[in-house]
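Report on the following structure.
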Amino acid sequence: MFEAKLNEASLLKKIVEAIRELVTDANLDCSEAGITMQAMDSSHVSLCALNLRSDGFDHYRCDRNLSLGLNLANLSKILKCAGNNDVCTLRTEDDADTLTVTFESPKQERISEFELKLIALDAEHLGIPDTNYKAQVRMPSAEFQRIIRDLSVIGDTCSIAVGKDGVRFGVEGDLGSGSISVKQNTAAEKEEERVEVHMEEPVELTFALRYLNFFAKATPLGPIVALSMSPDVPVVVEFPIETVGYLRFYLAPKIDE
Amino acid sequence: MPGQSSLFTFFTKA
């Protein structure tokens with residue numbers, strides 16, 4: 004059997020809310036090591052990769068490897084029935100065609116149980132090559148979200164340029180053009196307010212803001228976002244999930260044809 | 219204007 008217990012249902016809610024507009028259906032791959040998920044959007048431009056380590060759960064048991072095919076809109080409907088502080092348990096027997104989702108309120112006075120139908124999905128796994136990224140930026144996720152939202156009002160496409168002093172987000176649209184630069188700031192008192200740049204060489208790539216906006220929906224997962232870029236390869240936008248794992252998004256760049 | 223590339227250009231099907 005498979006059983007995974009999370010202290011806070013809100014974590015699962017945040018993960019599903021972060022990806023459900025990008026991905027309709029996805030396999031949760033469960034093993035002794037934990038839960039992973041890899042799914043592309045329907046245009047094959049972006050990919051999200053989730054990794055939740057088994058030791059990040061309150062209780063975790065997985066007797067044999069399982070792929071649980073889920074419709075994320077339906078999972079989201081069930082998660083709406085959970086209180087943020089509820090304990091959430093995912094459970095399935097081997098060969099079952101449903102996933103049992105239970106929510107227990109902190110004082111155990113309210114227990115909800117749902118059976119979500121599983122679906123058969125073709126696993127379309129992509130091999131992601133190990134990449135030594137030439138430029139990496141860690142910055143506050145709320146700052147990233149705001150920049151992407153603000154630039155989306157001006158144009159459809161955003162350039163991201165990492166230099167030694169910081170990162171510059173540029174946009175062009177019918178009304179004109181603009182940019183927002185965020186300077187490296189490693190002296191901020193709180194770690195989550197720091198902007199850190201690690202760079203072997205300057206990198207500039209161009210991306211569709213539509214997808215970056217989808218990624219920014221993961222902001223509630225944590226205070227930090229990490230961008231990793233190399234010339235002419237997809238950017239990685241990673242939201243670390245404290246003590247459990249991460250949610251990563253890969254986005255193919257726009258390129259001159 | 220630059221065009222949108224596909225992930226399949228960079229990542230291979232496992």
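Residue numbers (the working numbering), protein chains in the order written: chain A, 4 to 260; chain B, 219 to 232. Every residue gets a Cβ at the ideal spot worked out from N, C-alpha and C, and that includes glycine. Model, not experiment: these values are computed from the prediction.
Could you name the residues of chain B that residue i contacts, counting a contact when the two beta carbons are closer than 9 Å?
| i | result |
| --- | --- |
| K257/A | M219, P220, G221, Q222 and S223 |
| V3/A | Because chain A in this structure spans residues 4 to 260, residue 3/A falls outside the shown range and cannot be described. |
Residue range of the alpha helix (DSSP H) that residue i falls in?
| i | result |
| --- | --- |
| I150/A | S144 to S155 |
| A76/A | L75 to L82 |
| L15/A | A12 to I22 |
| A219/A | L212 to A219 |
For residue i, go through chain B and note every residue whose CB falls closer than 8 Å to its CB, in chain order.
| i | result |
| --- | --- |
| I131/A | F229 |
| Y1/A | In the structure as shown, chain A starts at 4 and stops at 260, and residue 1/A therefore has no counterpart that could be examined. |
| H201/A | Those do not exist, as H201/A stays about 22 Å from chain B at its closest Cβ, beyond 8 Å. |
So, at 6 Å on beta carbons, what are the nonlocal neighbours of residue i in its own chain, with the 5 sequence-adjacent residues on each side left out?
| i | result |
| --- | --- |
| D100/A | L121 |
| E6/A | R64 and R94 |
| P237/A | Y253, L254 and A255 |
| V170/A | V140 and V185 |
With burial defined as no fewer than 16 other Cβ atoms inside 10 Å of the residue's Cβ, what is the status of residue i: buried or exposed?
| i | result |
| --- | --- |
| V156/A | exposed |
| I163/A | buried |
| Q139/A | buried |
| F147/A | buried |
| C33/A | buried |
| I114/A | exposed |
| L178/A | exposed |
Near residue i, what residues of its chain come up, given a Cβ to Cβ distance below 7 Å and the 5 sequence neighbours on each side ignored?
| i | result |
| --- | --- |
| L25/A | D44, S49, C51 and F217 |
| A126/A | N30 and S70 |
Locate the beta strand (DSSP E) running through residue i, then write down its first and last residues.
| i | result |
| --- | --- |
| E116/A | I114 to K120 |
| I244/A | V238 to I244 |
| N188/A | Careful: N188/A lies outside any beta strand (DSSP E) and carries neither H nor E. |
| N30/A | D28 to S34 |
| F229/B | That residue, F229/B, is in no beta strand (DSSP E); it is neither H nor E in DSSP. |
Closer than 8 Å to a non-hydrogen atom of the ligand NAD - does that hold for the CB of residue i?
| i | result |
| --- | --- |
| D97/A | As presented, the structure is devoid of all ligands, the ligand NAD included, so that no description of it is given. |
For residue i versus residue j, is the C-beta distance shorter than 9 Å?
| i | j | result |
| --- | --- | --- |
| F106/A | A12/A | yes |
| L224/A | K17/A | yes |
| C161/A | L230/A | no |
| L154/A | G181/A | yes |
| L75/A | V19/A | yes |
In chain B, which residues lie less than 7 Å from residue i when you measure between Cβ atoms?
| i | result |
| --- | --- |
| A211/A | Q222 |
| L50/A | L225 |
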